[in-house]
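First up is the structure itself, then whatever we jot down about it.
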Amino acid sequence: MLKTVVYWQVFLLVKYIFITGGVLSGLGKGLVTCSVGKMLQARGFDVSAVKCDPYLNVDAGTMNPYIHGEVFVLDDGYEADMDLGAYERFLGVELTGLNNITSGQVYQRVIQEEREGGYLGRCVQIIPHVTDEIKRRLRLVADKTGADVLLVECGGTVGDIEGLPFLEAFRQMRLEEPRGDTLLVHVTLVPVLDAVGEPKTKPTQHSVKELRAIGLQPDLIVARTEGGPLPDDPKRKIALYCSVEEKAVYSSVDVESLYELPLVLEEQGMGDVVCDYLGLKDCAPDFSEWEDMVRAFKEPTETVKIAMCGKYAELADCYVSVNEALRHAAAKAGCRVQIDWIETEFFEEDIRQVKVLEEYDGVLVPGGFGQRGAEGKIIALNHCRTRDLPFLGICYGFQLATVEYARYVVGLEGAASTECVPETPHPVIDLLPEQKEISELGGTMRLGANTVILDEGSLPHKLYGSTEVRERHRHRWEVNPEYWERLEEGGAVFPGWSPDKGFKEILWLPELYFFLGTQFHPEFKSRPWSPSPPYYGLVKASLDRKRGKPRPEF
Ligand code: GLN
Numbered sequence: 405m406l407k408t409v410v411y412w413q414v415f416l417l418v419k420y421i422f423i424t425g426g427v428l429s430g431l432g433k434g435l436v437t438c439s440v441g442k443m444l445q446a447r448g449f450d451v452s453a454v455k456c457d458p459y460l461n462v463d464a465g466t467m468n469p470y471i472h473g474e475v476f477v478l479d480d481g482y483e484a485d486m487d488l489g490a491y492e493r494f495l496g497v498e499l500t501g502l503n504n505i506t507s508g509q510v511y512q513r514v515i516q517e518e519r520e521g522g523y524l525g526r527c528v529q530i531i532p533h534v535t536d537e538i539k540r541r542l543r544l545v546a547d548k549t550g551a552d553v554l555l556v557e558c559g560g561t562v563g564d565i566e567g568l569p570f571l572e573a574f575r576q577m578r579l580e581e582p583r584g585d586t587l588l589v590h591v592t593l594v595p596v597l598d599a600v601g602e603p604k605t606k607p608t609q610h611s612v613k614e615l616r617a618i619g620l621q622p623d624l625i626v627a628r629t630e631g632g633p634l635p636d637d638p639k640r641k642i643a644l645y646c647s648v649e650e651k652a653v654y655s656s657v658d659v660e661s662l663y664e665l666p667l668v669l670e671e672q673g674m675g676d677v678v679c680d681y682l683g684l685k686d687c688a689p690d691f692s693e694w695e696d697m698v699r700a701f702k703e704p705t706e707t708v709k710i711a712m713c714g715k716y717a718e719l720a721d722c723y724v725s726v727n728e729a730l731r732h733a734a735a736k737a738g739c740r741v742q743i744d745w746i747e748t749e750f751f752e753e754d755i756r757q758v759k760v761l762e763e764y765d766g767v768l769v770p771g772g773f774g775q776r777g778a779e780g781k782i783i784a785l786n787h788c789r790t791r792d793l794p795f796l797g798i799c800y801g802f803q804l805a806t807v808e809y810a811r812y813v814v815g816l817e818g819a820a821s822t823e824c825v826p827e828t829p830h831p832v833i834d835l836l837p838e839q840k841e842i843s844e845l846g847g848t849m850r851l852g853a854n855t856v857i858l859d860e861g862s863l864p865h866k867l868y869g870s871t872e873v874r875e876r877h878r879h880r881w882e883v884n885p886e887y888w889e890r891l892e893e894g895g896a897v898f899p900g901w902s903p904d905k906g907f908k909e910i911l912w913l914p915e916l917y918f919f920l921g922t923q924f925h926p927e928f929k930s931r932p933w934s935p936s937p938p939y940y941g942l943v944k945a946s947l948d949r950k951r952g953k954p955r956p957e958f
């Protein structure tokens with residue numbers, strides 16, 4: 405009896421908020437999702453979030469990050485859409501592969517079921533079989549996470565053919581779940597045409613019409629606006645034509661720090677309306693810690709300049725987590741950070757161009773793949789080592805720092821990674837043994853969170869305040885064990901390793917001001933209230949050096 409009661413209560417508590425987007429992509433739908441989650445968390449509710457991605461890839465790992473944006477690695481090794489990074493950074497929750505549903509996964513499972521005879525005698529169709537599978541996955545996440553509210557964001561824009569099965573599944577769920585337990589938030593754009601200077605609501609009206617055509621009616625509308633919040637008139641117009649209450653139309657305005665958006669929407673009353681519509685017993689939101697945090701991002705006036713050395717093509721969305729980790733670190737160090745992209749291929753064309761780095765307080769070489777621009781990265785980090793410029797190398801950056809050290813300090817002429825020069829006489833960076841046999845490329849790297857042991861008294865130990873940490877990985881190559889001794893005898897210090905001692909995880913040059921490389925990607929675990937230690941190290945060292953301190957102070 406007790407069991408039934410408990411089960412029933414849990415069942416009743418799950419609410420779903422679906423988030424769709426209209427008019428354009430890139431309106432910050434993910435940030436609205438995070439903001440709604442934050443407003444609920446501020447009221448004491450447990451939330452989790454799911455991203456539905458209509459593409460046919462099984463995960464984001466095989467997609468082109470230059471087009472689709474960063475691949476965000478989760479603790480369990482799943483290679484997720486970058487929106488999951490935003491969810492983790494805003495909500496402080498640890499997500500798993502279940503939180504990212506792609507059409508690829510859904511169809512793969514349905515087709516596998518069909519081959520196994522699971523649908524014998526029936527014609528397998530998008531409705532109900534594909535939509536059932538989507539609903540099953542959504543309910544599974546709700547169940548597994550035990551969240552009070554599950555946020556479900558649909559990638560793409562309403563009207564895309566690919567997104568239809570997901571939207572149809574949302575429609576069915578709105579009918580199947582108890583009335584009042586689901587909500588639909590639609591994010592649109594309200595442009596202002598210069599000639600008229602008036603916010604135009606027509607695109608929003610059209611995209612809601614599109615939603616209605618597939619049986620979905622939004623409950624709340626968030627309009628991405630330019631140049632300040634929507635005036636009352638267009639707001640009333642949206643409410644009237646889109647059939648939502650006036651109090652349920654909000655403006656997502658430009659914010660100085662992304663982390664401000666939940667506060668901006670809260671101020672417009674969105675949190676109370678969401679709770680009211682979902683029948684969640686409202687209590688006063690507590691945003692005090694979040695507000696303090698946002699202040700720490702906005703208050704500093706001193707700026708540290710960091711050069712990100714890579715390929716221009718990798719710009720923008722490819723390194724969202726790296727950029728965010730630098731910003732988190734700056735807020736903790738009490739400064740701002742200016743991140744400039746430096747194309748390393750220029751250094752290959754003319755080595756004198758590397759002088760540009762002298763204008764910077766610190767340098768970061770992020771993760772990457774392939775030969776192009778790699779020699780330029782080596783030139784950049786040679787400059788950092790020989791000029792004692794604060795440096796942080798992530799993954800590929802760590803590997804190339806090891807190559808540079810092997811070549812120019814240890815004297816191993818022609819040392820390289822076999823990723824760039826397969827026939828190198830000194831393969832200091834080589835394929836992981838288990839990678840040599842692999843032919844499939846999807847989900848086959850060394851992926852996810854692994855324990856890293858840190859040497860007592862080393863800089864990483866000091867930065868992390870612990871001798872054992874867990875960080876996320878995504879790589880195929882590693883420091884070749886056959887070269888460990890020669891590198892260490894030559895003065896390289898590797899103060900971090902895997903518990904079985906099979907991998908070198910960190911390179912540290914202790915005689916320099918700040919020179920660190922990590923085989924793992926600490927940016928994936930950086931949170932605005934708890935910055936990643938290696939990133940904090942780089943920003944703090946860059947600031948201290950700029951201020952003329954003889955040693956960085958941690
Ligand atoms: N290309 C390198 C490897 O696969 C580094 C990967 C990365 O930087 N994420 O090992």
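When the letters of the sequence shown are read in order and numbered with my numbering, they come out as residues 405 to 958.
Just so you know, even glycine gets a beta-carbon here, dropped at the ideal spot from N, CA and C.
DSSP three-state assignment for residue i, whether helix, strand or coil
i	result
Asn727	helix
Ile710	strand
Val807	helix
Glu557	strand
Pro903	coil
Pro638	helix
His472	helix
Cys722	helix
Leu460	coil
Ala896	coil
Arg575	helix
Trp745	strand
Thr535	helix
Thr586	strand
Ile421	strand
Leu913	coil
Ser821	strand
Leu431	coil
Met405	The pLDDT assigned to Met405 is 37, lower than 50, so where the model puts this residue is not dependable; a value taken from the coordinates is nonetheless given after this. The answer is coil: DSSP assigns Met405 none of H, G, I, E or B.
Val1029	Lying before the first or after the last residue shown, residue 1029 is absent from the chain, which here runs from 405 to 958.
Val410	With a pLDDT of 45 at Val410, under the threshold of 50, the predicted position of this residue should be treated as unreliable, and no value is reported.
Ile618	coil
Phe958	coil
Cross-strand partners of residue i (DSSP beta bridge)
i	result
Pro603	Val596
Asn854	Glu875
Ser656	Arg628
Tyr868	Bridge partners of Tyr868: none, in fact.
Arg740	Thr707
Pro882	Before going on, a small fix: residue 882 reads as Glu here, not Pro. In the DSSP output, where bridge partners are listed per residue, Glu882 has Asp834.
Asn504	Lys455
Glu483	Val477
Thr922	Ile798 and Ile910
Gly766	Ile710
Ser934	Arg931
Test item: CB-CB of residue i and residue j under 9 Å
i	j	result
Tyr809	Leu863	no
Pro622	His590	yes
Pro770	Cys799	yes
Arg850	His879	yes
Gln710	Val767	Position check: residue 710 holds Ile in this sequence, whereas Gln was assumed. Taking 9 Å as the Cβ cut-off, Ile710 and Val767 qualify as a contacting pair.
Ala490	Gly434	yes
Gly559	Glu614	no
Pro938	Leu858	no
Lys702	Glu660	yes
Ala688	Arg447	yes
Ala484	Gly508	no
Glu817	Gly777	no
Gly852	Gly772	no
Leu555	Ile755	no
Pair every Cβ in the region 790–804 with every Cβ in the region 909–924, then say whether three or more of these pairs are closer than 8 Å.
-> yes
Report yes or no: do the region 452–469 and the region 880–900 share at least 3 C-beta pairs separated by less than 8 Å?
-> no
Counting Cβ pairs, one atom from each stretch, are 3 or more of them under 8 Å apart for the region 509–526 and the region 472–482?
-> no
Please confirm if the region 458–467 is in contact with the region 680–691, defined as three or more CB-CB distances below 8 Å between the two stretches.
-> no
Can at least three beta-carbon pairs, one atom from the region 901–910 and one from the region 818–834, be found at a separation below 8 Å?
-> no
Say whether the region 567–582 touches the region 437–451, bearing in mind that this needs 3 or more beta-carbon pairs closer than 8 Å, one atom from each stretch.
-> no
Kindly confirm or deny that the region 598–612 and the region 633–648 touch, where touching means at least three C-beta pairs closer than 8 Å.
-> yes
Between the region 933–951 and the region 733–743, do at least 3 Cβ pairs fall closer than 8 Å?
-> Yes, since at least three Cβ pairs between the region 933–951 and the region 733–743 fall closer than 8 Å, the two stretches touch.
Per the contact definition of three or more C-beta pairs closer than 8 Å, is the region 721–737 in contact with the region 756–764?
-> no
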